[in-house]
Amino acid sequence: MSLLELKDVSMEYNGKVKALEHINLSVERGDWVAIMGPSGSGKTTLMNIIGCMDTATGGSVVLDGVDITNAGRPELMRIRRDKIGMVFQQFHLIPYLTAVENVMVAQYYHSMPDREEAIAALARVGVAERADHLPSQLSGGEQQRVCIARALINYPVLILADEPTGNLDEANQNLVMQIFRELHEEGHTILTVTHSPEVGAAAERCVVIEHGHMKAQ
Amino acid sequence: MFWQMVKGALLRQKGRFVLIALTVALGVSLATAMLDVAFDVGSKVNKELKAYGANITVTPRGQKVLKDVYGVDNAVGHKEYLREDELGNIKTIFWTNNIVSFAPFLDSEWKGQNGEKIPVTGTWFNKNLKLPTDEVVTTGVGSMRSWWHVEGAWPDDEQEKNVLVGTKLAASMGISAGDTVTVHTAGGTSETLSVTGIVSGGGAEEDRIIAPLALVQRLEGLSGKVESVEVSAITTPENELARKAAANPKALSQHEYDIWYCTAYVGSIAYQIEEVIHDSAAHPVRQIAESEGKILDKTEHLMLLITVLSLLSSALGVSNLVSANVMERSRELGLLKALGASNLTVVLSVLAEIFAAGILGGIFGYFVGIGFAQIIGETVFGSGIAVNVYVIPIVAVLMTAVLLVGSVPAVRFLLSLQPAEVLHGR
Numbered sequence: 001m002s003l004l005e006l007k008d009v010s011m012e013y014n015g016k017v018k019a020l021e022h023i024n025l026s027v028e029r030g031d032w033v034a035i036m037g038p039s040g041s042g043k044t045t046l047m048n049i050i051g052c053m054d055t056a057t058g059g060s061v062v063l064d065g066v067d068i069t070n071a072g073r074p075e076l077m078r079i080r081r082d083k084i085g086m087v088f089q090q091f092h093l094i095p096y097l098t099a100v101e102n103v104m105v106a107q108y109y110h111s112m113p114d115r116e117e118a119i120a121a122l123a124r125v126g127v128a129e130r131a132d133h134l135p136s137q138l139s140g141g142e143q144q145r146v147c148i149a150r151a152l153i154n155y156p157v158l159i160l161a162d163e164p165t166g167n168l169d170e171a172n173q174n175l176v177m178q179i180f181r182e183l184h185e186e187g188h189t190i191l192t193v194t195h196s197p198e199v200g201a202a203a204e205r206c207v208v209i210e211h212g213h214m215k216a217q
Numbered sequence: 001m002f003w004q005m006v007k008g009a010l011l012r013q014k015g016r017f018v019l020i021a022l023t024v025a026l027g028v029s030l031a032t033a034m035l036d037v038a039f040d041v042g043s044k045v046n047k048e049l050k051a052y053g054a055n056i057t058v059t060p061r062g063q064k065v066l067k068d069v070y071g072v073d074n075a076v077g078h079k080e081y082l083r084e085d086e087l088g089n090i091k092t093i094f095w096t097n098n099i100v101s102f103a104p105f106l107d108s109e110w111k112g113q114n115g116e117k118i119p120v121t122g123t124w125f126n127k128n129l130k131l132p133t134d135e136v137v138t139t140g141v142g143s144m145r146s147w148w149h150v151e152g153a154w155p156d157d158e159q160e161k162n163v164l165v166g167t168k169l170a171a172s173m174g175i176s177a178g179d180t181v182t183v184h185t186a187g188g189t190s191e192t193l194s195v196t197g198i199v200s201g202g203g204a205e206e207d208r209i210i211a212p213l214a215l216v217q218r219l220e221g222l223s224g225k226v227e228s229v230e231v232s233a234i235t236t237p238e239n240e241l242a243r244k245a246a247a248n249p250k251a252l253s254q255h256e257y258d259i260w261y262c263t264a265y266v267g268s269i270a271y272q273i274e275e276v277i278h279d280s281a282a283h284p285v286r287q288i289a290e291s292e293g294k295i296l297d298k299t300e301h302l303m304l305l306i307t308v309l310s311l312l313s314s315a316l317g318v319s320n321l322v323s324a325n326v327m328e329r330s331r332e333l334g335l336l337k338a339l340g341a342s343n344l345t346v347v348l349s350v351l352a353e354i355f356a357a358g359i360l361g362g363i364f365g366y367f368v369g370i371g372f373a374q375i376i377g378e379t380v381f382g383s384g385i386a387v388n389v390y391v392i393p394i395v396a397v398l399m400t401a402v403l404l405v406g407s408v409p410a411v412r413f414l415l416s417l418q419p420a421e422v423l424h425g426r
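Here it is as structure tokens:
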């Protein structure tokens with residue numbers, strides 16, 4: 001059974017604006033899939049539906065055997081917490097918590113904070129020595145690596161990355177992409193949303209969306 | 001982790017919370033000052049009003065009956081008196097601390113050198129009175145007639161022949177402070193008295209001799225007796241219950257009676273005085289008592305109104321600041337939800353931050369408020385305001401209400417906050 005199965009997924013806002021129409025997508029465990037498309041194509045809407053932050057208005061979405069199509073907000077919150085790790089373009093680290101505390105926040109809402117495990121996650125992405133620094137004291141590449149460590153800390157079944165290299169210089173882009181390659185080799189399932197052809201090319205499979213429709217896979 | 005997050009937010013983003021703390025401090029300081037003043041204003045205003053005289057007069061019971069039934073003050077050939085040795089009991093009643101001062105009176109009429117009639121009043125000036133409890137209190141007209149102006153010196157109660165002479169009488173007799181005056185009683189006794197001072201006050205005292213009580217008692221053969229007692233007491237403004245009791249104390253139920261007895265209404269204090277002085281009738285001087293009550297009521301209402309307004313403005317300020325704070329942090333709070341935080345957890349986290357800032361501001365505001373109260377006390381009453389510990393829980397409850405009410409818009413915003421909207425846009 002696929003890890004993620006989208007069948008005929010549609011999304012309408014206010015019954016008028018059609019953001020997605022008839023999307024079918026299947027992602028197997030260990031896959032690395034890139035979703036590409038121009039601005040306004042519906043990539044982010046698809047990402048929000050897969051990431052349990054929004055619900056589709058049509059079709060069905062099954063994640064890790066759980067049908068999340070009609071799940072309520074508390075149920076979506078639990079699935080998001082237990083099964084998904086999120087990496088954001090703008091990092092979204094809590095500004096008044098140190099790097100390690102930002103990782104521990106995800107542990108706190110999932111189960112129990114464990115500083116040593118959080119430090120190990122930071123070491124995994126090469127920023128352990130910056131554990132006690134605030135986000136404002138970290139470079140963009142370091143912040144993104146902390147964000148990846150936070151996404152990994154609860155052993156998610158799916159890593160969702162929204163433009164993970166969008167705010168990074170070339171050196172840091174390479175660093176982050178190297179981490180994603182390693183994660184893929186370790187068997188993690190990764191879904192990235194990107195404009196970048198380089199990031200798209202790094203994935204095993206590329207899905208292109210235009211005007212809410214899937215154009216190519 | 002919860003407290004680590006709260007601590008991190010407070011310590012590493014002080015600026016955001018300092019304004020909330022200051023707004024709460026402002027509201028709490030005004031509330032503390034107004035409540036402390038409101039609690040103490042009763043005794044302060046009461047003490048000020050005591051300068052206008054006694055609010056209870058005590059006379060023999062029989063004399064009251066005659067006055068009530070026949071409209072006469074004295075029956076010819078038969079006059080009742082109160083016992084001087086019982087007067088100390090006035091300071092042993094339930095509301096003893098509310099008795100500011102009291103003084104006995106015994107009137108008579110003597111004759112001067114040329115046979116002219118001289119009214120005389122025997123009283124205590126500033127008598128050191130030993131109570132049945134072995135305590136000693138100083139009481140007398142010295143403290144009750146604060147408007148009397150004495151040219152010279154007040155007599156000593158222990159010096160029986162030292163007297164005050166009213167200013168008009170002194171003028172007619174051509175005497176001044178330091179002179180002596182010889183008087184003759186109806187019984188034929190003559191006495192030479194030392195005039196220590198000339199008294200004026202705009203009343204009957206200007207036409208008479210004010211002598212130590214012991215002297216009048218001795219010369220009139222009324223040892224240990226007094227005609228009346230004036231009592232100055234701090235009282236609670238009268239209400240329906242007090243008026244009902246004044247009309248007929250027996251109409252009260254047991255529960256009403258207990259409340260009335262244990263409240264410092266002028267009527268209940270008078271009632272308690274009657275209980276400790278044999279055959280006495282204590283009459284509240286209601287015009288004074290009611291005026292005092294009205295002034296107190298208005299002053300306390302004003303204080304409470306200012307308290308409510310200051311807390312309302314504080315709640316509005318907190319509401320604006322907290323709402324702005326939460327909107328500014330919407331991405332951060334949306335992230336917490338994206339990471340799996342429930343609405344309740346996020347709301348509790350934000351409330352904990354607000355309450356931590358509010359409590360610090362509240363403690364600071366409380367002490368500033370005590371300072372404000374002292375400034376008000378010194379400026380208005382010329383003395384400090386007593387710090388009332390009951391203000392602390394009241395202010396704590398009011399501050400909690402201000403913070404909760406002020407946080408309502410922010411909490412509503414938090415509950416409707418969707419992570420998809422603030423993290424990715426939708």
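Residue numbers (the UniProt record's numbering), protein chains in the order written: chain A, 1 to 217; chain B, 1 to 426. Glycine included, each C-beta is placed from N, C-alpha and C at the ideal position.
Does residue i come out as helix, strand or coil in the three-state DSSP assignment?
{"i": "B/R412", "result": "helix"}
{"i": "A/M77", "result": "helix"}
{"i": "A/V17", "result": "strand"}
{"i": "B/R329", "result": "coil"}
{"i": "B/Y257", "result": "helix"}
{"i": "A/E198", "result": "helix"}
{"i": "A/M86", "result": "strand"}
{"i": "B/A238", "result": "Here residue 238 of chain B is Glu; the residue named in the question, Ala, does not match the sequence. Correct three-state label for B/E238: coil."}
{"i": "A/H213", "result": "strand"}
Can you check whether the CB of residue j is closer than 7 Å to the CB of residue i?
{"i": "A/T57", "j": "A/E21", "result": "no"}
{"i": "B/V318", "j": "B/T92", "result": "no"}
{"i": "A/P113", "j": "A/M104", "result": "yes"}
{"i": "B/P409", "j": "B/K337", "result": "no"}
{"i": "B/A341", "j": "A/Y109", "result": "yes"}
{"i": "residue 427 of chain B", "j": "B/V28", "result": "The structure shown does not extend to residue 427 of chain B, since chain B spans only 1 to 426, so no value can be given for it."}
{"i": "B/I385", "j": "B/D40", "result": "yes"}
{"i": "B/S280", "j": "B/S101", "result": "no"}
{"i": "B/V395", "j": "B/A25", "result": "no"}
Is residue i close to chain B? Criterion is C-beta to C-beta, closer than 7 Å.
{"i": "A/H92", "result": "yes"}
{"i": "A/R145", "result": "no"}
{"i": "A/L3", "result": "no"}
{"i": "A/S10", "result": "no"}
{"i": "A/A34", "result": "no"}
{"i": "A/N48", "result": "yes"}
{"i": "A/H195", "result": "no"}
{"i": "A/D132", "result": "no"}
Compare the Cα-Cα distances from residue i to each of the options and report the closest residue.
{"i": "A/V100", "options": "A/A71, A/A151 and A/R73", "result": "A/A151"}
{"i": "B/V45", "options": "B/Y390, B/G365, B/I295 and B/L417", "result": "B/I295"}
{"i": "B/G62", "options": "B/E227, B/T236, B/H255 and B/S232", "result": "B/E227"}
{"i": "A/L6", "options": "A/L97, A/S60 and A/S39", "result": "A/S60"}
{"i": "A/D67", "options": "A/Q144, A/G141 and A/L3", "result": "A/L3"}
{"i": "B/V18", "options": "B/G377, B/A356, B/S407 and B/A373", "result": "B/A356"}
{"i": "A/Q158", "options": "A/E185, A/M86 and A/V208", "result": "Position check: residue 158 of chain A holds Leu in this sequence, whereas Gln was assumed. Closest by alpha carbon: A/M86."}
{"i": "B/N325", "options": "B/K250, B/L414, B/S291 and B/T263", "result": "B/L414"}
{"i": "A/A71", "options": "A/H188, A/C52 and A/D64", "result": "A/C52"}
{"i": "A/D169", "options": "A/V146, A/Y155, A/L191 and A/E142", "result": "A/E142"}
{"i": "A/S139", "options": "A/G40, A/R80 and A/N167", "result": "A/N167"}
{"i": "B/M173", "options": "B/D207, B/Y366 and B/F372", "result": "B/D207"}
{"i": "B/S330", "options": "B/V346, B/V368, B/L316 and B/N320", "result": "B/V346"}
Could you tell me whether any Cβ in chain A is nearer than 7 Å to the Cβ of residue i?
{"i": "B/G8", "result": "yes"}
{"i": "B/P419", "result": "yes"}
{"i": "B/M327", "result": "no"}
{"i": "B/A341", "result": "yes"}
{"i": "B/F355", "result": "no"}
{"i": "B/L335", "result": "yes"}
{"i": "B/Q254", "result": "no"}
{"i": "B/R16", "result": "no"}
Please look up how many angstroms separate the CB atoms of residue i and residue j, rounded, as I've assumed it's under 8 Å.
{"i": "B/H283", "j": "B/I56", "result": "7 Å"}
{"i": "B/P155", "j": "B/L169", "result": "15 Å between Cβ atoms; not a contact."}
{"i": "A/I23", "j": "A/V9", "result": "4 Å"}
{"i": "B/V183", "j": "B/K111", "result": "7 Å"}
{"i": "B/L222", "j": "B/L106", "result": "7 Å"}
{"i": "B/L404", "j": "B/L311", "result": "Not confirmed; about 12 Å, so no contact."}
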